[in-house]
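Chemist:
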Amino acid sequence: MDKAPPLVHLDAQQDHKKLVAAFRRVGAKSAEELLRDVLQFSECNLKKLSPRQRELFGWELRVIGLGRGGDFKVGQMPDLVDLQAQIVEGIRQYFGPLGEWRLREVARPLRLLRVDWIPGKKPRPKVGWAGSEEDQIIAGIWDLIVSVGDRLRACRLCHRFFVARKRQEYCTEPQNCSQLQRNEWKKRGTSRKQEDERARSDSANGPTRA
Ligand SMILES: [Zn+2]
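What follows is the structure in structure tokens.
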């Protein structure tokens, strides 16, 4: 079946109820908020999460990945340990020297799907991948990253990945690098504005010759 409306072909009653609830939660969030959740998931200690927290993460990820024509495992959560490892590795690659999140396996056939079954949403295009549910979730995360754009950043101090609010260049949790940096500038009698201006005039004057 080419078009797979998951709300219809799900037979497990439990899954269906949880899916609808997750749709409601995810639908109320912006791409920025969802990507923050994904980053939080990638950094958390899965062993320390309560079963309820694992379930919330799992269902949110499932909805992020839904509608790409791949498998949806009824009655079985996606492999969160494997997903976490893929996300951590992928984002690291994206910010790494190649600047490219590569899939572990070879390219999969792609399709453009017209998704017309999301409650309360007009029909919309999604790029569909063949493959496992975990693959669909990675595709969904890529969509989020594309919509968030340049606001997915690495903190200039601790290099943690975060979704910036406006011009934010430093993360604020778990350690407050934004505050740390302001303290540092204060100590050196400078400010972000002055530092930025200096960087601009440095680059305008070209690289310093030794
Ligand atoms: Zn930081």
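Residue numbers (the numbering used here): 1 to 210.
Cβ atoms here follow ideal geometry from the backbone N, Cα and C, with glycine treated the same way.
In angstroms with no decimal places, state the Cα-to-Cα distance between W185 and V38.
Modeler: To locate residue 185, count along the sequence shown from 1; it is residue 185. To locate residue 38, count along the sequence shown from 1; it is residue 38. So the two alpha carbons sit approximately 32 Å from each other.
Chemist: On the DSSP letters alone, give me the boundaries of the alpha helix (DSSP H) that V38 sits inside.
Modeler: For the purposes of this step, residue 38 is taken as residue 38 along the sequence shown, with counting starting at 1. Segment 31-43, the alpha helix (DSSP H) holding V38.
Chemist: Quick check on DSSP: helix, strand or coil for G67?
Modeler: What you label residue 67 is simply residue 67 of the sequence shown in a count that begins at 1. Of the three classes helix, strand and coil, the one that applies to G67 here is coil, per DSSP.
Chemist: Assuming G65 and M77 are in contact, meaning their beta carbons sit under 8 Å apart, how far apart are those beta carbons, in whole angstroms?
Modeler: Start at 1 with the first residue of the sequence shown, and residue 65 comes out as number 65. Start at 1 with the first residue of the sequence shown, and residue 77 comes out as number 77. In fact, because the Cβ distance is near 12 Å, the residues do not count as touching under 8 Å.
Chemist: May I have all residues whose beta carbon comes closer than 6 Å to any heavy atom of ligand 2, sorted in chain order?
Modeler: The model on display carries ligand 1 but not ligand 2.
Chemist: Take A210 and list the residues in its own chain whose beta-carbon comes closer than 6 Å to its own, dropping the five residues that flank it on each side.
Modeler: Reading the sequence shown from its first residue, position 210 is the one you call residue 210. Confidence is the limiting factor: at A210 the pLDDT is only 39, short of 50, which leaves the residue's position unreliable and the question unanswerable from this model.
Chemist: Within 8 Å, do at least three Cβ pairs link the segment 34-51 to the segment 110-124?
Modeler: Touching, no.
Chemist: Consult DSSP for W117 and reduce its assignment to one of helix, strand or coil.
Modeler: Locating residue 117 in the sequence shown gives position 117, counting from the first residue. Looking at W117 - three-state DSSP - the assignment turns out to be coil, as it is neither helix nor strand.
Chemist: Could you tell me which of G149, G140, Q179 sits nearest to L157, measuring between CA atoms?
Modeler: Residue numbering aside, residue 157 sits at position 157 when the sequence shown is read from its first letter. When only C-alpha atoms are compared, the closest one is Q179.
Chemist: Would you report the Cα separation of K17 and G96, rounded to the nearest angstrom?
Modeler: Residue mapping note: residue 17 aligns to position 17 of the sequence shown, counting from 1. Residue mapping note: residue 96 aligns to position 96 of the sequence shown, counting from 1. Rounded to the nearest angstrom, the two C-alpha atoms are 40 Å apart.
Chemist: May I ask you to list the residues that DSSP assigns as paired with V127?
Modeler: For the purposes of this step, residue 127 is identified with residue 127 of the sequence shown, where counting begins at 1. DSSP output for V127 lists L112 as bridge partner(s).
Chemist: Determine the burial state of D15: buried for a count of at least 16 other Cβ atoms within 10 Å of its Cβ, exposed for fewer.
Modeler: As a working mapping, residue 15 is identified with position 15 in the sequence shown. Burial call: buried.
Chemist: Report yes if the CB atom of E43 is closer than 8 Å to the CB atom of V148, and no otherwise.
Modeler: Locating residue 43 in the sequence shown gives position 43, where the first residue counts as 1. Locating residue 148 in the sequence shown gives position 148, where the first residue counts as 1. No, the pair does not count as a contact, with Cβ atoms beyond the cut-off.
Chemist: Confirm, please, whether the CB-CB distance from L35 to I145 is below 8 Å.
Modeler: Along the sequence shown, read from residue 1 onward, the residue named residue 145 stands at position 145. Along the sequence shown, read from residue 1 onward, the residue named residue 35 stands at position 35. Their beta carbons are under 8 Å apart, which means I145 touches L35 by this criterion.
Chemist: Tell me whether the segment 101-111 and the segment 124-135 touch, counting them as touching only if at least three CB pairs, one residue from each stretch, are closer than 8 Å.
Modeler: Flag = yes, the segment 101-111 and the segment 124-135 touch.
Chemist: Assuming the contact rule is C-beta atoms closer than 8 Å, W129 and L98 should be a hit. Round their C-beta distance to whole Å, please.
Modeler: Here residue 129 is taken as the residue at index 129 of the sequence shown, counted from 1. Here residue 98 is taken as the residue at index 98 of the sequence shown, counted from 1. 21 Å between Cβ atoms; not a contact.
Chemist: Sort E55, Q53, V74, S30 by Cα distance to Q13 and report the nearest one.
Modeler: Within the sequence shown, numbered from 1, the residue matching residue 13 stands at position 13. Among E55, Q53, V74, S30, the Cα nearest to that of Q13 is on V74.
Chemist: Would you mind sorting R198 into buried or exposed? The rule is 16 or more other CB atoms within 10 Å of its CB.
Modeler: For the purposes of this step, residue 198 is taken as the residue at position 198 of the sequence shown. Flag for R198 reads exposed.
Chemist: Name the DSSP bridge partner or partners of F95?
Modeler: Counting from one through the sequence shown, the residue named residue 95 turns up at place 95. According to DSSP, F95 bridges with nothing at all.
Chemist: Classify R153 as helix, strand or coil using the three-state DSSP reduction.
Modeler: Residue numbering aside, residue 153 sits at position 153 when the sequence shown is read from its first letter. Correct three-state label for R153: strand.
Chemist: Sort R124, L56, R192 by Cα distance to R182 and report the nearest one.
Modeler: Within the sequence shown, residue 182 is the residue found at index 182, counting from 1. The option with the nearest alpha carbon to R182 is R192.
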